[in-house]
Amino acid sequence: MSLTVGSIGLPASPTFLVGLKVSGFWLHMIFMNLWLVGVPLALFLRRTRPAVSRRLLGAMPFFMAFGINAGIVPLLFIQVLYPEGFYTATILQAWFWFAIIPLLLVAYSAVYAASSGWYRAVSAGVAFVLLTAIGLIFSSSLSLSASPGEWAGAFERTATAGSVHGTHLLIAPEVLLRYGIVISLALITLGAYLALDARWFSPGDDVRTQTRGLPGMLAVAGAFGFLVMGGLYRAYLPAGFTGLLPSLAAGGLPVLAALAGLGYEARPSRTSAALFAAVQALALLANAIVRQLVQIEKLGGWARLQSLPVHGEPSGVLLFLVTAVIGGAVLLWLIVLLPSETA
Amino acid sequence: MDFPVWFVDYLTAPLLIPLVAIPHVITAQFAVGGGIILADLVQRAYRNDRPDVLGFMHSVARYFVLITIVFGAVTGVGIWWAIGLTSPAATGTLVRVFAFFWAAEWMMFLIEIAAAFVFYYYWDELSPGSHVAVGWTYALAGWLSLVLITGITSFMLTSGAWTPGASAWTAFLNPSFLPQTLIRTGGSLAIAALGIGVFISFEEANVDLKDTVVREISKWALAGMLLIVIGGVWYFFVLPERVQLNLVRAPVLLVMTGMNFGVTILILGALGSGYVNGSRWITPPAAFMLFAAGMLAIGSGEFLREGSRKPYLIEDHMYSPGVRVSEVQTIRREGFIEHSPWLKKHLSRTVEGFGKRPLRDLPEAARRHVGKALFRYHCGSCHATVGYNGIRPIVRPWTEEMIHETARQLHRANPAMPPWFGSEAEREMLAEYLETFTEPSPVRKRFESP
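Residue numbers (this note's numbering), protein chains in the order written: chain A, 284 to 626; chain B, 211 to 660.
Rendered as structure tokens:
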């Protein structure tokens, strides 16, 4: 079954659109990592490291707001680039995909409740369970969108009179491994965040004291998990992605980030915290790029991006770029405003 | 019909859209109007040295940020979820045409979130000038996001001079864009004023505060209502004739139009009274009822806009089942099933002899199965079997001849319906399936008895 394009061409070159998609996903991953493991960790630490737990939960509403916002970008561009894959997969799993909305509403509200101290443990627990479920649904749906070979079987199993019930859910080792990779990276990201926060932003010594040891532990656990999950996931990668070089490229940076985390623990300072965060940011960017390359390869037999017609107009791109520049300037103004006017 | 169809009986899949969209539009418009009113009232409070007003607006801002950022953001994304599931072809078209407009809107959302957080969480720390500047930044970003999305949604109803290949600006600056922008801007101011009115209604002890706030929000709301009236009249005149026909022909839409009009008058009167007489009569129950009336007006307005657009998803470009206008003649010639790969694959697998002999030569049970599948693909976007716009109760008293003739002349039977897309044989399959819902009813018996 071939994928059709429809009569509307791409609004810009595929390379530009893919670049925007990857950039947006990278930003989304940073925040998503923080809430995915930050909420359960805050729950876990509430008695042993209460200052860290409270500060982490207090920051969660901001992570969720910016993370959901950043998620709009890859969501937009996957629909521009691969509508056939994205819509087909989500329709096959319609009820699960649709359920994300009420689940996210409750999870987001629970995060706010936890950050406000309202039944903190219960709220954080509810948020953790729901955010995990949402993450798994996302992993499943996006895995299915890049697996056209699965669609026919899913369709026949869940259709009546040619229309689907929307009750399919792809639960496969590949999905769980992809999710495991995300969690592993998230542990390292959280470690980097805690180091950065303790050295750069936290106002009190209690947070700095209680953070000690955590960044390194999280980084090592995350790197180990990434190597295990990534190693197992190699079996599901297309040929060309399983050689030594791609593996090193994909797996090297998280390990480097973990080493940076250990380096921070050995010599905690603003510089070592910033280095840890920078290396992990690069690791996430590398992961986002590799994910995109894998998706392009997997869908290559069905939709070759470079062969799609382009019907762009510079004014549309210009509109976005102008708003991006203005938006960047506004954000910079806000960032500069706060330290200059607050105590 | 490049995608599988998600058939949701009793409701129809597209009815899931307003379940998410109407709460979102109410919240989003509250966010836009609220941002403007918050910035203005805070500015006035600083200027007139009114710490009581500032304190009140601070408490409003807390709920404002919570509701708009949590509920508004999630339901906004939720609309995308829903339309992608129910109308993938239309959504894919809109996304490709307006990709960078949506990207620009995303940037506005980012500014809104950042500004809202700074505005609320640093309330007591920023200098008055900076605080007000941040407030107006949020307000402007909010309004610009409203403008951007209105261009996209209005395009679906009045595509104007746009054709595939034309500039996206032609699509964006369509005939109903400006009037809808006026209506939505006005609606935002009105619903935000009503929402803040609920909060202030509880300040019974502080009469001075209540009077001040009610007068100020009433001014904004009256300005909003004026925009709604101007935009509404302009809107009606730019609507295509078939849309105007839909509004007066469909009882539900006609009732909603009347409801919308009546509620608008009611709110206008209440706000005018608040502005002239002050706040004494605005008790919590009255404020809640007015706010509910405002939500009803917005909800019915959205339902009207969506319902009156039929039979199109995108005017003159795509019909409700996701079929492009430009492809109808080809589909009629080659068959609807031939152009629906998922449907074709299913029938090839489940109907013995399918594809090997003419449809009319299939056994009766197989023909009805084909008809049922065709119903779900051709009609299921607007008709459940039983439930919302249920086809069973509609055709139950019909004769076979009526079913066949109506299927042949769908767009004449009801201008809100598209023309029949498929071949003659496919139409007969659909009609045979619909005949299974008919049974002699008391009404039909009365007309058939000698």
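We put the beta carbon where it would ideally sit given N, CA and C, even for glycine. If you're wondering where the values come from, they're calculated on a predicted model, not measured in any experiment.
Between residue i and chain B, is any beta-carbon pair separated by less than 8 Å?
i              : result
residue 352(A) : yes
residue 294(A) : yes
residue 370(A) : yes
residue 469(A) : no
residue 614(A) : yes
residue 420(A) : no
residue 625(A) : yes
For residue i, go through chain A and note every residue whose CB falls closer than 9 Å to its CB, in chain order.
i              : result
residue 288(B) : 381, 383, 384, 385, 387 and 388
residue 411(B) : Simply none; closest approach about 25 Å.
residue 559(B) : 439
residue 319(B) : 352 and 355
By how many angstroms is the C-alpha of residue j removed from the C-alpha of residue i?
i              : j              : result
residue 234(B) : residue 510(B) : 13 Å
residue 637(B) : residue 596(B) : 21 Å
residue 372(A) : residue 419(B) : 55 Å
residue 286(A) : residue 613(A) : Per-residue confidence for residue 286(A) stands at a pLDDT of 39, beneath the threshold of 50, marking its modelled position as unreliable; the derived number appears in the next sentence. Those two C-alpha atoms are separated by around 41 Å.
residue 442(B) : residue 243(B) : 18 Å
residue 532(B) : residue 211(B) : 6 Å
residue 383(A) : residue 341(A) : 24 Å
residue 588(A) : residue 471(A) : 33 Å
residue 560(A) : residue 339(A) : 17 Å
residue 450(B) : residue 375(B) : 23 Å
residue 280(B) : residue 427(A) : 28 Å
residue 416(A) : residue 308(A) : 19 Å
residue 609(B) : residue 618(B) : 14 Å
residue 247(B) : residue 649(B) : 59 Å
residue 271(B) : residue 492(A) : 35 Å
residue 301(B) : residue 286(B) : 15 Å
residue 284(A) : residue 551(B) : Legend: pLDDT at residue 284(A) = 32, less than 50; position of this residue unreliable, no value from coordinates given.
residue 647(B) : residue 249(B) : 59 Å
residue 471(B) : residue 436(B) : 13 Å
residue 541(B) : residue 635(B) : 13 Å
residue 377(A) : residue 466(A) : 25 Å
residue 349(A) : residue 321(B) : 10 Å
Pop quiz: residue i and residue j are said to be a contact at Cβ under 8 Å. What is the actual Cβ separation, rounded to whole angstroms?
i              : j              : result
residue 374(A) : residue 567(A) : Rounded, the Cβ-Cβ distance is 30 Å, inconsistent with contact.
residue 515(A) : residue 460(A) : 6 Å
residue 359(A) : residue 305(B) : 7 Å
residue 296(B) : residue 223(B) : 4 Å
For a contact defined as C-beta to C-beta under 8 Å, what are the partners of residue i on chain B?
i              : result
residue 363(A) : 305, 306 and 309
residue 426(A) : Under the 8 Å cutoff, chain B gives no residues; its nearest Cβ is about 17 Å from residue 426(A).
residue 392(A) : 280
residue 395(A) : 276 and 280
Since residue i meets chain A, which of its residues come closer than 8 Å, beta carbon to beta carbon?
i              : result
residue 646(B) : Correct list: empty, because the minimum Cβ distance to chain A is about 13 Å.
Starting from residue i, find everything on chain B with Cβ-Cβ shorter than 9 Å and list it in chain order.
i              : result
residue 433(A) : Going along chain B, no residue has its Cβ under 9 Å from residue 433(A), so there is no contact; the nearest lies around 13 Å.
residue 314(A) : In chain order: nothing, as chain B lies at least about 12 Å away.
residue 446(A) : 214, 215, 216, 217, 552, 553, 556, 583, 586, 587 and 590
residue 298(A) : The premise fails here: residue 298(A) is roughly 15 Å from chain B at the closest Cβ pair, so nothing lies under 9 Å.
Residues of chain B with CB under 7 Å from residue i, in chain order?
i              : result
residue 377(A) : 216 and 295
residue 594(A) : 375
residue 406(A) : Going along chain B, no residue has its Cβ under 7 Å from residue 406(A), so there is no contact; the nearest lies around 13 Å.
Excluding five sequence neighbours on each side, which residues of the same chain lie with their C-beta closer than 8 Å to the C-beta of residue i?
i              : result
residue 369(B) : 381, 384, 524, 525, 526 and 527
residue 575(A) : 301, 304, 305 and 308
residue 582(B) : 643
Distance cutoff 8 Å, beta carbons only. Does residue i sit that close to anything in chain A?
i              : result
residue 587(B) : yes
residue 335(B) : yes
residue 298(B) : yes
residue 379(B) : yes
Among the residues of its own chain, which have a CB less than 6 Å from the CB of residue i, if the five just before and after it don't count?
i              : result
residue 264(B) : 255
residue 231(B) : 289
residue 361(B) : 382 and 387
residue 240(B) : 401, 402 and 405
residue 616(B) : 623
Can you find the residues in the same chain that come closer than 7 Å, C-beta to C-beta, to residue i, ignoring five residues on each side of it along the sequence?
i              : result
residue 492(B) : 407, 411, 424 and 484
residue 396(A) : 402 and 406
residue 600(A) : 295
residue 473(A) : 316, 317, 320, 321, 324 and 501
residue 572(A) : 305
residue 565(B) : 558
Using a C-beta to C-beta distance shorter than 7 Å, which residues of chain A count as neighbours of residue i?
i              : result
residue 302(B) : 289, 362, 366 and 370
residue 347(B) : 613
residue 340(B) : 620 and 624
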